[in-house]
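K.L.:
There are 4 protein chains.
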Amino acid sequence: MVNKKIKRPFFIFNPKSFLYGEELLELAKVADEQAALYPEISVMVTAPFADLATVSAATTHITVTAQHMDGIVPGRGMGHVLPESLKSAGVGATFLNHAEQPMQLNELVAAVDRAKDLGILTIVCADSLEEAKAIASLGPDVILCEPTELIGTGQTSDDSYIEATNAAIRDIDDSISIMQAAGISTADDVYRTIKLGADGTGCTSGITKADHPKQMLIDMIEAVVRASKSE
Amino acid sequence: MVNKKIKRPFFIFNPKSFLYGEELLELAKVADEQAALYPEISVMVTAPFADLATVSAATTHITVTAQHMDGIVPGRGMGHVLPESLKSAGVGATFLNHAEQPMQLNELVAAVDRAKDLGILTIVCADSLEEAKAIASLGPDVILCEPTELIGTGQTSDDSYIEATNAAIRDIDDSISIMQAAGISTADDVYRTIKLGADGTGCTSGITKADHPKQMLIDMIEAVVRASKSE
Amino acid sequence: MVNKKIKRPFFIFNPKSFLYGEELLELAKVADEQAALYPEISVMVTAPFADLATVSAATTHITVTAQHMDGIVPGRGMGHVLPESLKSAGVGATFLNHAEQPMQLNELVAAVDRAKDLGILTIVCADSLEEAKAIASLGPDVILCEPTELIGTGQTSDDSYIEATNAAIRDIDDSISIMQAAGISTADDVYRTIKLGADGTGCTSGITKADHPKQMLIDMIEAVVRASKSE
Amino acid sequence: MVNKKIKRPFFIFNPKSFLYGEELLELAKVADEQAALYPEISVMVTAPFADLATVSAATTHITVTAQHMDGIVPGRGMGHVLPESLKSAGVGATFLNHAEQPMQLNELVAAVDRAKDLGILTIVCADSLEEAKAIASLGPDVILCEPTELIGTGQTSDDSYIEATNAAIRDIDDSISIMQAAGISTADDVYRTIKLGADGTGCTSGITKADHPKQMLIDMIEAVVRASKSE
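Chains as they are written, first to last, in the numbering used here: chain A, 6 to 236; chain B, 6 to 236; chain C, 6 to 236; chain D, 6 to 236.
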């Protein structure tokens, strides 16, 4: 099911290209059960493009999320990620400008526009405070502040970085949700990040490489709920 | 269903990003019926990434074909087209290096390698004879010779171009199938192209913009069969 | 000679890759003579990378301007445009994010930063109002508002487009100079554009393809001066 | 001075973006003196784009070499590296497809063609044997076989890799010179590489980061001469 608005706080399970097919589907179903239990938060799950329709068909409560989308309209665009195809497959949100798929500024502008046309939520990545400010002027739903050098290292952003980016983005447009996700590898990291003022967080290898990925996914979603309630 | 080997001649319906969802699915089913009628040829249908699983689930006789694939292995690769995800969605072939999504040489080498690993057929595009020769050394299943300036114009490649590229590629590796598809807009164009010695052909807007797309698709597939029998 | 601050109004002769070597040098010298005559405006001349040092050595009054620059630091960066190399060759300004060389947002942020480090003026291109706003947040010296579809057509931006972009950018940061240059092909276009409120303008093929390029260059620079004085 | 044909063996001092301005010029002059002493080998020196004209003007015996070139013709091409501009600045050779600036296959084909038009020698980089074979079909002057994972590590390619690539390329076109340069950091590495059958070699940080860069440059050029004579 597609959520029209993102709820705060939110959690994104982003297995990138680590998972696909059956293994991904099982974890997506776990996330879906948790999302049913906690309707007060948004739970989002990304999938490789060709897995999106299957994940969407098997779930109800999560927001199925693409890893990237191109700002094209139906037409030629061979080999690009067509927004209408995502929408038709049940996709409700998309990442844009991830450090592993950085976008030209003109393409990013076009992609945010197309997402708004179709009611697809946008999570736009920034790897510096300056980049975050430029992105804020485009009015995305979420900005993910993730210093490139920390991705996949298991190191979290330090508190001052998180607070500075939060303040700078809210100063430009406080309707934009802020996601902080650098180096989240435990449920405690999740809890700490939400308590520090992030609207949402997420995780990749902290879940996919955990000894018990399903349990870690459950623990992290519960940590979001817990942090939210204690506010 | 995934065909392990491409049959000669073959026909590729390549609606690019013109179609998605229900409209694409209906035409794919028509192609599937034709493919069942003519098991002596290969019928391939492309789809935007997020439509591939649905098209695959609804068809049996066509080779479901991606518009592009990245030569990555499962892992990070956020926003890229994961070969294992395509395979798991029922994809049997992929275009690579299309003029609308040109690839770096190192990425093309990696993508052809990954496709071979997974048994995914490769249709690699060349927009000049020199490019076709370099591609031939990589051992793809099909080379599509399509002078960039003719794409979407309704003009076909002239006979001498077709014959020169056929000869040059067969000289390097005659196990590579040759596709000629510039400006195919009628069933007669299809017939003529196969008779001129192409192993296969295909069509985009000649079908999607036809007055009766389903009938045009049927007519073109029948033209391939007819050209093949009269050899 | 490198100007540290851009003067308003300014004129940029941007022959892109149409000119190089002797032919470019002659026109750059004409521009230099005009710049000496009118010290109240900035006259800038672009050159292909390998012509920059020669143009710089032969001129005194113009700001020698690169067509692009990469936001790298001295080190590996094989094949990229090193800021320090430009600076050392006498370059005083650079275009960034031109429609023919669009930049990733993270690269644009880095390039603007490096230019500030070295005292190189930045002229950053935007092909839509939304893009212009995002760029304004990076604090470049000049924003060039040039709807991509008009480049090289001889059509000028209409007055309402010019006024809307001027207002939007000045609203964010009124220290940023605004350049409007779509379809400038006569001295009258230059005059009109400055009178409409642009801080600067420029020209490519209106000069390089003029019957008398040197005279056209002189006429356009004089039109800037005239428009400025009549304010 | 521009050499029309590359001599075997050859040595390329490739300081990438580590050096520019005066420091680069001094080393280029040292290389030029060595090139005058040993006319039986080719000595090539790369420079960042904006340094090429200055290096060329100050030297006579080396082949001034660009780090990259785009396969464009004079015209728009804003921000790209114009072949005619390089030629006019005295450039006699160019690297293409370096791992730090990988090229699309169609662009590489165009760049090799333009270089042949203008008499600019091409050194095309390959990071795998398969890539080297595809490149060989384009008929460049030199292929540089450099496994990406070894660049800048100080580790040399092992002997079997060097011999396998030499054999594969010579099998396709034995007029192509073969350069092996992975991890060259001492004059002994240079000697060994030429003795193993490479037509040429080169060095970046082994020289720029040496305690005495000028002496290391001299030692390496002499090692090429020595290896050549002992054959």
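Ideal placement from N, C-alpha and C gives every residue a C-beta, glycine not left out. Given the structure is predicted, the values throughout are model-derived calculations rather than measurements.
Can you tell me which residues form a DSSP beta bridge with Ile-148 of chain C?
P.N.:
Answer is C:Val-129 and C:Ile-183, bridged to Ile-148 of chain C.
K.L.:
Compare the Cα-Cα distances from Val-147 of chain D to each of D:Ala-172, D:Ser-90, D:Thr-127 and D:Ala-33 and report the closest residue.
P.N.:
Answer by Cα proximity: D:Thr-127.
K.L.:
In chain order, what residues of the stretch 77–101 of chain C put their CB closer than 9 Å to some CB of chain D?
P.N.:
Of all residues in the stretch 77–101 of chain C, only Ile-77, Val-78, Pro-79, Gly-80, Arg-81, Gly-82, Met-83, Gly-84, His-85, Val-86, Leu-87, Glu-89, Ser-90, Leu-91, Lys-92, Ser-93, Ala-94, Gly-95, Val-96, Phe-100 and Leu-101 place a beta-carbon less than 9 Å from a beta-carbon of chain D.
K.L.:
Any chance the stretch 94–105 of chain D sits against the stretch 38–45 of chain C, with 3 or more Cβ pairs inside 8 Å?
P.N.:
no
K.L.:
For a cutoff of 8 Å on Cβ pairs, would you count Asn-111 of chain D as touching chain B?
P.N.:
yes
K.L.:
If you scan the stretch 89–143 of chain A from start to end, which runs of the alpha helix (DSSP H) of 4 or more residues do you find wholly inside it?
P.N.:
110–123 and 134–141
K.L.:
Cutting at 7 Å between CB atoms, please list the residues of its own chain near Leu-30 of chain D, excluding the five before and the five after it.
P.N.:
For Leu-30 of chain D, where only same-chain residues beyond five positions count, the Cβ hits under 7 Å are Thr-59, Val-60 and Ala-63.
K.L.:
Hey, how far is the Cα of Asn-102 of chain D from the Cα of Leu-87 of chain D?
P.N.:
Taking the straight line from one Cα to the other gives about 16 Å.
K.L.:
I'd like to check one pair, Ile-174 of chain A with Ile-183 of chain A: are the Cβ atoms closer than 8 Å?
P.N.:
yes
K.L.:
Is the shortest distance between the beta-carbon of Glu-135 of chain B and the beta-carbons of chain D less than 8 Å?
P.N.:
yes
K.L.:
Suppose contacts are defined by Cβ-Cβ distances below 8 Å. Is Gly-207 of chain D in contact with Asn-19 of chain D by that definition?
P.N.:
yes
K.L.:
Using a Cβ-Cβ cut-off of 6 Å (strictly less than) and excluding sequence neighbours within five positions of Phe-23 of chain C, which residues of its own chain qualify?
P.N.:
Thr-213
K.L.:
Taking C-beta pairs closer than 7 Å, name the residues in chain C that Lys-138 of chain A reaches, listed in chain order.
P.N.:
Ser-142
K.L.:
Expressed to the nearest angstrom, what Euclidean distance is found between the alpha-carbon atoms of Val-69 of chain B and His-85 of chain B?
P.N.:
19 Å
K.L.:
So, helix, strand or coil for Thr-65 of chain C, using DSSP?
P.N.:
coil
K.L.:
How would you call Ser-235 of chain C, buried or exposed, if buried means at least 16 neighbouring beta carbons within 10 angstroms?
P.N.:
exposed
K.L.:
Less than 6 Å between C-beta atoms, sequence neighbours within five positions excluded: which residues of the same chain meet that for Ala-232 of chain B?
P.N.:
Tyr-196, Ile-199 and Lys-200
K.L.:
Run through the stretch 166–222 of chain D for me and flag every whole beta strand (DSSP E) of 3 or more residues, listed as ranges in chain order.
P.N.:
182–185 and 205–208
K.L.:
Look up Phe-54 of chain B in the DSSP assignment and give the residues it is bridged to.
P.N.:
Note: Phe-54 of chain B sits in no beta bridge, so no partner.
K.L.:
Identify, in the order they occur along the chain, each residue of the same chain with its Cβ nearer than 8 Å to the Cβ of Ile-3 of chain B, setting aside the five sequence neighbours on each side.
P.N.:
Beyond the ends of chain B as shown, which are 6 and 236, falls residue 3 of chain B; an answer cannot be given.
K.L.:
Please confirm whether Asp-75 of chain D has its beta-carbon closer than 8 Å to some beta-carbon of chain B.
P.N.:
no
K.L.:
State the CB to CB distance for the pair Ala-104 of chain D and Cys-130 of chain D, rounded to an integer number of angstroms; the pair is presumed to be in contact (CB under 8 Å).
P.N.:
6 Å
K.L.:
Answer yes or no: does any C-beta atom of chain C fall closer than 8 Å to that of Leu-57 of chain D?
P.N.:
Taking Cβ atoms only, chain C reaches closer than 8 Å to Leu-57 of chain D, which makes this a yes.
K.L.:
Asp-132 of chain C CB to nearest chain A CB: under 8 Å?
P.N.:
Yes, contact with chain A.
K.L.:
Tell me the rounded alpha-carbon separation between Thr-209 of chain B and Ile-177 of chain B.
P.N.:
29 Å
K.L.:
Whole angstroms is fine: what's the gap from Ala-116 of chain A's alpha carbon to Ile-140 of chain A's?
P.N.:
Going by the C-alpha atoms only, they are around 12 Å apart.
K.L.:
Does the Cβ of Gly-205 of chain A have 16 or more other Cβ atoms within 10 Å, making it buried, or fewer, making it exposed?
P.N.:
buried
K.L.:
Using alpha carbons as the reference points, say which of D:Lys-12, D:Ser-133, D:Met-83 and D:Gly-124 lies closest to Ser-47 of chain D.
P.N.:
D:Lys-12
K.L.:
Is it buried or exposed, Pro-145 of chain D, if we count other Cβ atoms within 10 angstroms and call 16 or more buried?
P.N.:
buried
K.L.:
Buried or exposed: where does Ala-172 of chain A fall if 16 or more other Cβ atoms within 10 Å of its Cβ makes it buried?
P.N.:
Counting the other Cβ atoms within 10 Å of the Cβ of Ala-172 of chain A gives fewer than 16, which makes it exposed.
K.L.:
Leaving out the 5 sequence neighbours to the left and right, which residues in its chain are closer than 6 Å to Thr-51 of chain C when beta-carbon positions are compared?
P.N.:
Asn-19, Thr-70 and Gln-72
K.L.:
Using a Cβ-Cβ cut-off of 8 Å, state whether Lys-214 of chain B counts as contacting chain A.
P.N.:
no
K.L.:
Once the 5 residues before and after Val-114 of chain D are set aside, which same chain residues still bring their CB inside 8 Å of it?
P.N.:
Gly-76 and Leu-143
K.L.:
Find out if the Cβ-Cβ distance for the pair Ser-190 of chain C, Tyr-25 of chain D is shorter than 8 Å.
P.N.:
In this structure, Tyr-25 of chain D does not lie closer than 8 Å to Ser-190 of chain C by Cβ.
K.L.:
Return yes when the Cβ of Met-221 of chain B is within less than 8 Å of the Cβ of Gln-109 of chain D, no when it is not.
P.N.:
no
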